[in-house]
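A.B. asks: UniProt numbering numbers the first residue of the sequence shown as 1 and each following residue consecutively.
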Amino acid sequence: MNTIKDFIEQNKDYPNFSHIKQVELCLISDNDVPQGYGGINREGYSYGQLRRQPIINELLVGINNEKLTGFSKECNSRNSRSGFKMYKINGEYCFWGLRISPVVKAPDVNELRNILTQHNVTSEALNRKSVTADMIRKVTYDLLRKEVAKVCRMSVMEATLAIGNQLDCAPHEDPSGYIFMVPNWAHNWFRHDGYVSKMLKEVNI
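Below is the structure:
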């Protein structure tokens, strides 16, 4: 099997093919049940079920925003036929196929530095080369929450609650170069820290 060709076929709208150097297909049994990591997938669905319907019916009925409902159904429709496949792109898990819109561009190191300088605490940490993972995640999470709020016509607080409570999702910084919502069952099961780890090294040089 040509893994790169298979990835492209599965993810025709992937936004950053030019940066791909290595693609690895992760072989996971459909019978595996994502569990642990803070109580993910309490319903006990198998990976085979979840990769074909990432946002389960129990969550769909509780979403009270029409846009978010549409984004969730779009994710389910995208994966309903052949199912999501997890790949590693350049050694990092790629969640692009599991994304729930909207998506925002992740800051590069210069953009991140600029954002960190805008607040006293993070600006001081930047000067001392002691920026933490939480500081970086706050930047990226806030970017996504604000975009969700704008697109769905809600407050940032409402967007924060909708992402975590209604959708049971987490903001994710993907190797594609974008930030988007990913179901918690996948985000916590496939352990990763690629973007944050990379940025920590670069901003604390």
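Backbone N, C-alpha and C fix where the C-beta goes; we use that ideal spot for every residue, glycine too.
Determine the closest residue to Y45 out of S18, Y37, I56, with distance taken between C-alpha atoms.
C.D. replies: That would be I56, whose Cα lies nearest to the Cα of Y45.
A.B. asks: Would you tell me roughly how many angstroms separate the C-alpha atoms of D30 and R52, rounded to the nearest one?
C.D. replies: If you take the alpha carbons of D30 and R52, they lie about 10 Å apart.
A.B. asks: Considering only residues of the region 61-101, which uninterrupted alpha helix (DSSP H) runs meet the minimum length of 4 residues and lie entirely inside it, listed in chain order?
C.D. replies: Listed in chain order, they are 66-80.
A.B. asks: Can you check which of these residues, S123, V104, S72, Q118, is closest to L98 by C-alpha distance?
C.D. replies: That would be S72, whose Cα lies nearest to the Cα of L98.
A.B. asks: My output table needs one value for L50: the three-state DSSP class, helix, strand or coil.
C.D. replies: Helix, per DSSP.
A.B. asks: Mapping the DSSP letters down to three states, classify I179 as helix, strand or coil.
C.D. replies: Reduced to three states, the DSSP call for I179 is strand.
A.B. asks: Taking its Cβ as the centre, do 16 or more other Cβ atoms sit within 10 Å of T117, making it buried, or is it exposed?
C.D. replies: Answer is exposed; the Cβ neighbour count stays below 16.
A.B. asks: Could you tell me how far apart the beta carbons of R137 and V203 are, in whole angstroms, since I believe they sit closer than 8 Å?
C.D. replies: At roughly 13 Å, the Cβ-Cβ gap does not stay under 8 Å, so R137 and V203 are not in contact.
A.B. asks: Tell me the rounded alpha-carbon separation between N110 and N90.
C.D. replies: Roughly 22 Å between the two C-alpha positions.
A.B. asks: In terms of residue numbering, what span does the alpha helix (DSSP H) encompassing H187 cover?
C.D. replies: Segment 184-189, the alpha helix (DSSP H) holding H187.
A.B. asks: Which residue from N165, K21, H172 puts its Cα closest to that of I63?
C.D. replies: When only C-alpha atoms are compared, the closest one is N165.
A.B. asks: Quick test of your reading: R145 and T160, contact by CB under 8 Å. State the CB separation rounded to the nearest angstrom.
C.D. replies: At roughly 5 Å, the Cβ-Cβ gap stays under 8 Å, so R145 and T160 are in contact.
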